Each structure stands twice: as C-alpha cells, then as structure tokens.
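What follows is one structure encoded as structure tokens, with my remarks underneath.
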Amino acid sequence: MKKTASRLSKLGAAALLAVGAAGTMQAHAQEKFTYMTNWYAQAEHGGFYQAVATGLYKKYGLDVTIKMGGPQVNIVQMMAAGQAECVMGSSDLQMIQMREGGVPVTTVAAVFQKDPQVLIAHDDVKKFEDLKGKTILIASSAQRGYWPWLKAKYGFNDAQTRPYTFNIQPFVADKNTAQQGYLTSEPFAIAKAGVKANTLMFSDQGYPAYATTVSCMDKTVKERSAAVASFVKATMEGWKSYLADPAPANALIKKDNPNMTDEQLAYSVAKLKEMGMVTGGDAASMGIGVMTDARAKASYDFLVEAKLIDPAKVKLSDTYSTAFVKDLKVMP
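Rendered as structure tokens:
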C-alpha cells in the first residue's frame with residue numbers, strides 16, 4: 022500500500038468533520054458497524070457492551086454488532102477480510118506490528134491508558150527483580166510484546182520461560198513459578214484457589230503500551246470516517262456509563278459468555294476503577310479514549326529498540342491518528 026506524507030493530515034481533516042457530524046448525529050440512520058473484541062466477553066469489554074445495552078450507538082446512528090474474539094480467532098485477519106469495521110487491539114504495540122507486517126490498520130482510540138498485563142508471583146516475590154532465576158510462564162505472543170521489555174529492564178533470560186497455557190494450575194502447584202496474567206482476571210482466579218500471590222504490573226514500571234484499542238482498516242477510516250467518529254464517541258460515553266452502573270452491559274456480557282460470573286465481573290470492574298485503567302493517565306484531563314503523540318512515539322520507539330519492528334517498513338505517523346479523540350473530551 023502506497024503511503025503519502027499527507028495521509029494523516031487528510032485523515033485528521035476528515036475525522037474532525039466526522040466528529041462534528043457525530044456530535045450532531047448526522048451519521049447515516051442506523052448504519053451497520055461491527056466491532057470484534059480480542060477475547061471472550063468480560064468486564065474489560067464493558068463500555069462497548071454498555072453502548073449497545075443503553076442505546077448509545079443507536080443515538081449516534083449506528084447499528085453496532087459486538088463480535089467476540091478468543092484464543093483461536095485471528096481478529097485482524099477477519100477485519101481485513103471485511104468481517105468487521107474495527108477490532109480491539111490487545112495493545113497499540115500489537116497494531117503497530119500488524120501494520121509493519123503489511124496490514125493497513127490505524128489505531129484511532131485507546132480505552133485503557135495502562136496495559137493491564139501483569140506477572141503474578143507467589144508471595145515471597147515483592148518486586149520484578151526477585152524473579153531472576155524463577156520459572157516464568159508466558160504465552161508465545163509475549164515474545165513480540167512485553168518479554169523483550171522485561172529482559173532489557175530486569176536481565177531476565179529466555180531459558181527461564183515456559184509456555185503459559187491459560188491455566189493457573191502449574192502456578193498454583195509450584196512456588197518457584199510466576200505466570201503472566203491480566204490485572205482484572207487471573208489474580209481473581211488465583212485468590213479463589215486460596216493461593217497468596219503478588220501482582221506486578223508492567224505499566225507501573227514504565228511499560229509504554231496502551232491497551233483495548235479501537236483499530237480500523239485505513240479504508241474504513243477514510244471512507245466511513247463519520248461512522249468511525251460516531252462509534253468512538255458512543256463507545257467512550259459507554260465506558261463512562263459502564264463504570265457508573267455496569268448492570269446493563271453485564272447482562273449482555275453474560276449472554277455472550279455464559280461462563281462469566283457476577284463475582285468475576287464485580288472484581289474486574291473494581292480493579293478497573295481502582296487502577297484508573299480507563300479514567301487515569303491522560304484520560305483524567307483529556308477524556309476517555311485519548312491517545313497522545315508522546316505515548317504513541319514511546320510505544321514505537323520501544324518496538325524499534327527491541328528490534329520488534331523495522332522502522333524502514335513502518336512510519337510512526339501511519340500507525341495511529343488522534344483526530345477522533347483529541348477533541349472528544351468524554352470526561353471521567
């Protein structure tokens with residue numbers, strides 16, 4: 022795909038017009054729009070479900086379908102094949118790498134101002150440095166994300182890793198083991214299993230990534246900018262509403278994912294609030310969903326330094342646009 026220097030400025034102009042249109046509800050009447058999440062329905066997706074449940078998407082002229090992802094679902098591939106307008110990036114890092122790999126995807130909003138990725142260790146481990154020499158269970162995807170960051174920062178090595186299978190039992194059974202997790206999920210399951218553990222959060226130590234992104238094909242951003250703007254606006258209002266009263270979304274989440282419990286949902290919402298995942302950082306002063314040039318550059322620079330992307334193959338300015346969020350100001 023040919024890139025032009027003016028691509029982002031054109032996107033910006035289109036988005037500003039679209040944001041204005043969204044504000045006055047000028048998107049086409051009940052325009053169909055599909056968003057794919059990156060996992061089974063859960064509280065971490067609450068704002069999207071809330072915007073469906075409370076009619077916010079309809080208010081802004083959209084007939085939105087939320088499709089669940091999962092461990093065997095390649096959501097970016099499905100989006101590229103036209104099965105979704107936008108997808109939930111696990112992080113902006115992941116989406117930058119997708120673009121370097123040839124997928125013309127742009128991140129237009131970031132719900133989580135911090136990446137909820139954590140390492141969970143037994144209670145003798147108080148800080149990351151204490152994990153030297155211990156076995157660390159990580160998913161294969163970590164090799165292209167947080168693991169190179171941890172290695173560079175704390176001197177960990179590949180020999181101490183083993184595959185994480187999204188099952189907490191190996192961790193529970195071995196006090197010399199730590200495992201990856203999501204702040205709002207695995208720590209709850211481990212506590213329920215009666216194991217005392219400490220949770221170490223990457224973002225507290227300078228890990229730059231955003232998480233839970235709205236990432237869309239360039240074609241969608243260009244040709245359906247009003248719909249994208251409406252989707253982003255309604256979504257961020259959905260997140261504000263969800264954190265105030267999660268009941269409407271939670272009913273839909275449990276419908277999509279019958280394995281989800283009220284107890285897990287309540288724990289996750291409490292953690293999202295406690296850690297300011299949605300409303301902290303720049304969002305506190307600039308609005309929910311905001312992205313900044315400085316943060317985007319920090320993510321890009323990390324990927325370059327870790328040799329996870331070739332800067333000759335992907336320009337920072339092609340990977341994201343702040344046009345849909347910078348003037349949105351859905352304040353917490």
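All residue numbers for the sequence shown refer to the numbering used here, where the first residue is 22 and numbers rise by one. For each residue, glycine too, the CB sits at the ideal point set by N, CA and C. Because the structure is a prediction, the values reported are computed rather than measured.
Per DSSP, what kind of secondary structure is residue i in: helix, strand or coil?
i	result
L264	helix
M57	strand
D331	coil
D84	strand
A142	strand
P208	helix
E106	coil
V97	helix
I274	helix
M238	strand
For the alpha helix (DSSP H) that residue i lies in, which residues bound it at each end?
i	result
A218	Premise fails: A218 lies in the beta strand (DSSP E), 218 to 222, not in any alpha helix (DSSP H).
Y231	Element bounds for Y231: n/a, residue is neither H nor E.
R316	314 to 326
R120	113 to 121
P137	Note, P137: premise wrong, no alpha helix (DSSP H); not H, not E.
Y341	No alpha helix (DSSP H) contains Y341, which DSSP labels as neither H nor E.
Would the beta-carbon of residue i fall within 8 Å of that of residue j?
i	j	result
Y81	A333	no
Y201	A160	Per the sequence shown, the amino acid found at residue 201 is Gln instead of Tyr. Yes, they are a contact pair.
F54	L77	no
V299	L324	no
A64	G259	no
M116	T233	no
N197	T156	yes
S224	K135	yes
T58	M89	yes
V139	T86	no
W168	Y228	no
What whole-angstrom Cβ distance do residue i and residue j have, given they're in contact under 8 Å?
i	j	result
Q181	G215	Contact flag wrong, Cβ pair sits at about 26 Å.
L286	Y70	Wrong, their Cβ atoms sit about 11 Å apart, outside the cutoff.
Q226	K174	7 Å
Following a CB-centred definition, is residue i positioned closer than 7 Å to any heavy atom of the ligand MN?
i	result
M57	Among the components modelled here there is no ligand, and therefore nothing to report on the ligand MN.
By a C-beta neighbour count over all protein chains shown, 10 Å radius and 16 as the cutoff for buried, is residue i buried or exposed?
i	result
V351	buried
S162	exposed
P279	exposed
A130	buried
A291	exposed
K261	buried
E244	exposed
Which residue comes first and which comes last in the beta strand (DSSP E) that contains residue i?
i	result
Q201	198 to 203
P6	What is shown of the chain runs 22 to 353, which leaves residue 6 out entirely.
T156	156 to 159
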